[in-house]
Amino acid sequence: MKDIKTLIKENESLLRTLYSDFEKAEERISRAVEEFISLYGEREYSVFSVSGRSEIAGNHTDHNRGEVLAASVSLDIIAVAAVTDDGKITVKSEGFSQNTVDLGCLCPVSGEEGTSAALIRGVCDGFEKNGRSIGGFCAYMTSSVLGGSGLSSSAAFEDMIGNIENHFFNDGKIDYIEISQISQYAENTHFGKPCGLMDQIACACGGFVHIDFADPAHPVCEKIEFNLAEHGYSLCVVNTGGSHADLTDDYASVPAEMKKVASFFGKEVLRELDKEDILSNIPALRNFAGDRAVLRALHFFDENERVKKAFEYLDADDIDGFLSVINASGVSSSMLLQNYFSPKASEEQGISLACAIAKSALGGSGACRVHGGGFAGTIQAFVPSDKLESFTEVMEKAFGEGSVTVLAVRPVGMTKIF
13 MKDIKTLIKE
23 NESLLRTLYS
33 DFEKAEERIS
43 RAVEEFISLY
53 GEREYSVFSV
63 SGRSEIAGNH
73 TDHNRGEVLA
83 ASVSLDIIAV
93 AAVTDDGKIT
103 VKSEGFSQNT
113 VDLGCLCPVS
123 GEEGTSAALI
133 RGVCDGFEKN
143 GRSIGGFCAY
153 MTSSVLGGSG
163 LSSSAAFEDM
173 IGNIENHFFN
183 DGKIDYIEIS
193 QISQYAENTH
203 FGKPCGLMDQ
213 IACACGGFVH
223 IDFADPAHPV
233 CEKIEFNLAE
243 HGYSLCVVNT
253 GGSHADLTDD
263 YASVPAEMKK
273 VASFFGKEVL
283 RELDKEDILS
293 NIPALRNFAG
303 DRAVLRALHF
313 FDENERVKKA
323 FEYLDADDID
333 GFLSVINASG
343 VSSSMLLQNY
353 FSPKASEEQG
363 ISLACAIAKS
373 ALGGSGACRV
383 HGGGFAGTIQ
393 AFVPSDKLES
403 FTEVMEKAFG
413 EGSVTVLAVR
423 PVGMTKIF
């Protein structure tokens, strides 16, 4: 096999597309290959990448067959992997213990919920259920998509397992939507988190993507060409220090309550209704599902409309209109969706605090909102370039050095580098 420097040089064009800092990427990949060899010995390997994602608009709409606007971002998982013939998948992720999954058992394993092993097993189970080929491999992974960041580290990991299985055992012929659906299946059925499909698609697709989940078996995806930097803005996420641990019940309550409202009308999801159905039945719905469920249902319908508007503004190159939608999404998420903090720990309101400080730092410009699933973790901010330095200073004074991450939208989501 060629040495790593030669392989990197031969694939420099793709690497420069994926990473703004080529030298840093070269060093990171080389180090990952060294770790792989130290773990598994000299063998024929491949290098893969899957990006993190940022939800731009459409907070908690995908699980009720709504619409979202999302983007692949410049933080990613890199995997160095090689085929094995032992019928097992062995994955060592930097900073975590090694996971080994025997492909002879693909059913959900009691007690494995919430683990990386559950995601590996679940993806392979999904591949097999879809009539796809699976096989064993060993891999070393390193990630800049930090857990709890709202950038979908779990979805990127699931997509990475699918990415490797696709290229090693299916000639790379499976499209990103099917891999994303298999990843969602793994998280729902094996990991035990009732997530929607947006995270997995946004990590896999690349660029800005508008996704309509009206038919969940066949989501409609449309990429959008839009350069934030050319419009004088940076996309930032601010880590408030909150953890996503023990928040599964909070996440689960959102789709559950929305679907309970839908069930009042004999429907499965809110997408089968319209806003007027809710407004015309408020007293009965309050008794049937509770006030919070009704508020969350109203958020769903308004947020779907905001996604359409955000898409139209991006398509029209209207940055001001786009930012107004982002701000409106934040207000709705806070007041109606109510995912800015967990009711189990009302004294911890990092997202609300961060948004308040961000709005002050932005001084009426830009936009900010909750980032990801909410309840704890990060906020998202669109910051004018001339305020980026002062914004970072203010936010890091409040939440610690390194709490602000400046992102770029990455045109390629899931790929085999070489």
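If you count the sequence shown from 1, you need to add 12 to reach my numbering.
For each residue, glycine too, the CB sits at the ideal point set by N, CA and C.
Counting only the same chain and skipping the five closest in sequence on each side, list residues whose C-beta sits under 7 Å from that of residue i.
{"i": "G138", "result": "I194, Y197 and A198"}
{"i": "P267", "result": "H75, N76 and P206"}
{"i": "M347", "result": "none"}
{"i": "A301", "result": "E269, K272, V273 and F276"}
{"i": "F180", "result": "V95, G147 and F149"}
{"i": "V406", "result": "I369 and A373"}
{"i": "D289", "result": "F277"}
How would you call residue i, buried or exposed, if buried means at least 16 neighbouring beta carbons within 10 angstroms?
{"i": "H72", "result": "buried"}
{"i": "Q110", "result": "exposed"}
{"i": "R298", "result": "exposed"}
{"i": "S397", "result": "exposed"}
{"i": "A226", "result": "exposed"}
{"i": "P231", "result": "buried"}
{"i": "M210", "result": "buried"}
{"i": "A83", "result": "buried"}
{"i": "A328", "result": "exposed"}
{"i": "V343", "result": "exposed"}
{"i": "L291", "result": "exposed"}
{"i": "N239", "result": "exposed"}
{"i": "R55", "result": "exposed"}
{"i": "S345", "result": "buried"}
{"i": "E35", "result": "exposed"}
{"i": "S358", "result": "exposed"}
Considering only the beta carbon of each residue, do residue i and residue j sit closer than 8 Å?
{"i": "G148", "j": "K100", "result": "yes"}
{"i": "G174", "j": "V121", "result": "no"}
{"i": "I236", "j": "F313", "result": "no"}
{"i": "G204", "j": "G116", "result": "no"}
{"i": "V85", "j": "S61", "result": "no"}
{"i": "I294", "j": "V281", "result": "no"}
{"i": "E284", "j": "A274", "result": "yes"}
{"i": "V250", "j": "T427", "result": "no"}
{"i": "A373", "j": "F411", "result": "no"}
{"i": "P423", "j": "T18", "result": "no"}
{"i": "G64", "j": "D88", "result": "yes"}
{"i": "A69", "j": "R304", "result": "no"}
{"i": "V113", "j": "A129", "result": "yes"}
{"i": "A445", "j": "D171", "result": "It is not possible to answer for residue 445, since the shown part of the chain is limited to 13 through 430."}
{"i": "V103", "j": "A151", "result": "yes"}
{"i": "H408", "j": "V418", "result": "Here residue 408 is Glu; the residue named in the question, His, does not match the sequence. In this structure, V418 does not lie closer than 8 Å to E408 by Cβ."}
{"i": "F387", "j": "F353", "result": "yes"}
{"i": "F220", "j": "L118", "result": "no"}
{"i": "L51", "j": "A37", "result": "no"}
{"i": "L335", "j": "G375", "result": "no"}
Residue i and residue j look like a contact to me (Cβ under 8 Å); what is the Cβ gap, rounded to whole Å?
{"i": "Y263", "j": "G385", "result": "5 Å"}
{"i": "D224", "j": "E79", "result": "5 Å"}
{"i": "H222", "j": "I331", "result": "Rounded, the Cβ-Cβ distance is 17 Å, inconsistent with contact."}
{"i": "L259", "j": "H202", "result": "19 Å between Cβ atoms; not a contact."}
{"i": "N182", "j": "S145", "result": "5 Å"}
What residues in its chain sit with their C-beta under 6 Å from that of residue i, if we drop five residues either side in the sequence?
{"i": "A393", "result": "C248, A370 and C380"}
{"i": "A366", "result": "V250, T252 and I391"}
{"i": "H383", "result": "G162, V249, T390, I391 and Q392"}
Apart from the five residues just before and just after residue i, which ones in its own chain have a Cβ nearer than 8 Å to its Cβ?
{"i": "R40", "result": "I90 and T154"}
{"i": "D43", "result": "In the sequence under discussion, the amino acid at residue 43 is Arg, which differs from the Asp named in the question. Taken in chain order, the residues that qualify are T154."}
{"i": "D97", "result": "G148"}
My parser needs the alpha helix (DSSP H) runs of 4 or more residues fully inside the segment 258-326; what are they? 260-276, 287-291 and 294-301
Those runs of the beta strand (DSSP E) which lie wholly inside the segment 375-426 and span at least 3 residues: 379-382, 390-396 and 416-419
Where are the alpha helix (DSSP H) runs, 4 residues long or more, that stay fully inside the segment 139-222, in chain order? 165-181, 188-197 and 210-217
Starting from the N-terminal side, write out each stretch of the beta strand (DSSP E) that is 3 residues or longer and does not extend beyond the segment 75-99. 79-95
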